[in-house]
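In terms of my numbering, the sequence shown opens at residue 366 and continues consecutively. Worksheet: the structure to be examined is printed underneath.
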Amino acid sequence: MKNLNIIFVLSTLAAMVLILELDNGEATLRTGDISFISFKSTNEDGFAIITFVDLPPGTKIRFIDSEWNGNHFGFDENDVLWQTGDKLIEAGSVISFMDLNSEQSSVDHGKILGTMNLSSKKEAIFAYVGDERMPTKFLAACANNSIGYKTLINTDLVEGQTAITYPEGTTYARYIGPSYYQNSTKFREALNHMGNYFLQN
Numbered sequence: 366m367k368n369l370n371i372i373f374v375l376s377t378l379a380a381m382v383l384i385l386e387l388d389n390g391e392a393t394l395r396t397g398d399i400s401f402i403s404f405k406s407t408n409e410d411g412f413a414i415i416t417f418v419d420l421p422p423g424t425k426i427r428f429i430d431s432e433w434n435g436n437h438f439g440f441d442e443n444d445v446l447w448q449t450g451d452k453l454i455e456a457g458s459v460i461s462f463m464d465l466n467s468e469q470s471s472v473d474h475g476k477i478l479g480t481m482n483l484s485s486k487k488e489a490i491f492a493y494v495g496d497e498r499m500p501t502k503f504l505a506a507c508a509n510n511s512i513g514y515k516t517l518i519n520t521d522l523v524e525g526q527t528a529i530t531y532p533e534g535t536t537y538a539r540y541i542g543p544s545y546y547q548n549s550t551k552f553r554e555a556l557n558h559m560g561n562y563f564l565q566n
């Protein structure tokens, strides 16, 4: 009986550790919880996102510019892993990713691993949680040509809502529209209205 109790306690502790490992922020994120608000594919490649939810310490989000074929990503382009750091990032925060095509790549909060060379033609960026090139949940996407996605099947992303498509050939897009809306749905609608952007191509 004593041995059974010890086994039960050890099993319970192991389960608690597993739960803690899974509960590191990304496990609770949903499609649309973040959105892209800028894109730059000239010289100092980069982008910026806004979060509509609090991001707990230790959250990990991945970004990739490979095409999605409905089941998996290609293996021809780049991956960036963003580790948010040890502080809560509050909803409404804007996070900028800069110089992604160089060794001087940087981010406003936390740290990034990897580089990304963005193209001025038919480029897309996906944000997701999961292992490298193995998403468990897509969060957002943007592109300067809808061909850049290849497809959005099996991503839960919707073009014109959680997947923002800038005009074809856009090399720089920056949201300059109103910064306050009643809810994130209204904000996402504004983020998909190209009249709210400064655009270059």
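Glycine is no exception: its CB is placed at the ideal position from the N, C-alpha and C atoms. Quick caveat, the model's predicted, so the values are computed rather than measured.
Apart from sequence neighbours up to five positions away, the residues of its chain that approach residue 513 with a beta-carbon distance below 6 Å are 487, 488 and 489, ordered along the chain. Classified as exposed, residue 516 has fewer than 16 neighbouring CB atoms from the shown chains inside 10 Å of its CB. For residue 456, the CB contacts under 7 Å within the same chain, skipping 5 residues up- and downstream, are 416, 417, 418 and 419 in chain order. Here the region 516–525 makes no contact with the region 534–544; the two share fewer than three CB pairs at distances below 8 Å.
Spatial neighbours of residue 507 in its own chain (CB-CB distance under 6 Å, excluding positions within 5 residues in sequence) are listed in chain order as 401, 404, 490 and 529. Assignment of residue 562 by DSSP, reduced to helix, strand and coil, places it in the strand class. Ranked by Cα distance from residue 425, the options 560, 399 and 447 are led by 447. In the three-state scheme derived from DSSP, where H, G and I count as helix and E and B as strand, residue 394 is classed as coil.
Distance from the CA of residue 536 to the CA of residue 564, rounded to the nearest whole angstrom, comes to 8 Å. Its chain contains 509 and 538 as the residues whose beta carbon lies nearer than 6 Å to that of residue 531, once the 5 sequence neighbours on both sides are disregarded; these appear in chain order. Cβ neighbours of residue 484 within its own chain (closer than 7 Å, five residues either side excluded): 406.
Secondary structure remark: continuous beta strand (DSSP E) runs of at least 3 residues inside the region 449–485, in chain order: 459–463 and 476–478. With contacts defined by Cβ atoms closer than 8 Å, residue 464 and residue 409 form a contacting pair.
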